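Scroll down for the structure; my scribbles are underneath it.
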Amino acid sequence: MTGSAPPRPRRRTAALCGVLSALLAAGCAAAPREPEQLRLARQYFADNNATARRGPQAQQDFFHRTQHPDFADRTCDLDRTTVELDPALSTLRPDPGFTVDGTRPRGSPWVVAVEVTTRRDGSITGHQIGSQHLVLLNGSAYAFAPCPTEGR
1 MTGSAPPRPR
11 RRTAALCGVL
21 SALLAAGCAA
31 APREPEQLRL
41 ARQYFADNNA
51 TARRGPQAQQ
61 DFFHRTQHPD
71 FADRTCDLDR
81 TTVELDPALS
91 TLRPDPGFTV
101 DGTRPRGSPW
111 VVAVEVTTRR
121 DGSITGHQIG
131 SQHLVLLNGS
141 AYAFAPCPTE
151 GR
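Residue 1 is where the sequence shown starts when you use the UniProt record's numbering, and the numbers rise one by one after that.
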């Protein structure tokens with residue numbers, strides 16, 4: 001055993017650990033970011049539902065703030081109604097042909113399937129599945145305020 005050099009597995013292991021750490025860090029840093037339209041849609045629906053939980057006036061204010069600027073005069077009174085929207089974000093897709101009464105809104109229109117629940121004074125008054133249009137404009141998501149009390 002004299003004259004033989006002892007094995008050096010520690011250096012090799014340390015070097016491999018360093019390389020693996022660098023690769024893992026690079027992989028984590030390069031993780032895909034959520035697309036902007038998905039992030040904005042997710043935020044819009046979260047904010048909508050948060051204001052619905054605070055009541056009709058808070059939600060009315062939200063709808064006025066998020067009404068598409070080209071249609072700012074087209075809102076209605078929610079009375080004592082709130083509107084919860086549960087989107088199926090996997091269905092979010094562009095809708096370049098979208099118009100409102102024949103007018104194309106500025107921005108990039110998107111459509112998503114939603115489950116809609118209306119409440120009046122805290123009691124459920126309606127529940128349906130439909131679609132919701134959002135228009136991405138200048139880094140914000142705008143929509144078109146619902147009028148759940150129309151037709152009564």
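A virtual CB, placed ideally from N, CA and C, is assigned to each residue, including glycine. Bear in mind that the values here come from a model prediction, so they are computed numbers and not experimental data.
Note that the C-beta distance between Leu136 and Glu115 is not below 9 Å. Around the C-beta of Gln60, 16 or more other C-beta atoms lie within 10 Å, and the residue is accordingly described as buried.
Taking a cut-off of 8 Å on C-beta distances, the segment 48-60 touches the segment 73-80, as three or more cross pairs fall below it. Per DSSP, Thr75 is not a residue of any beta strand (DSSP E), being assigned neither H nor E. Between the C-alpha atoms of Arg74 and Phe144 there is a straight-line separation of about 8 Å. As DSSP reads the structure, Asp86 sits in a beta bridge with Glu115.
In this structure, the straight-line span from the alpha carbon of Gln132 to that of Arg42 is close to 13 Å. If you check the CB distance, Val112 and Phe98 do not come in under 9 Å.
Between Ser123 and Thr66, the C-beta spacing is not below 9 Å.
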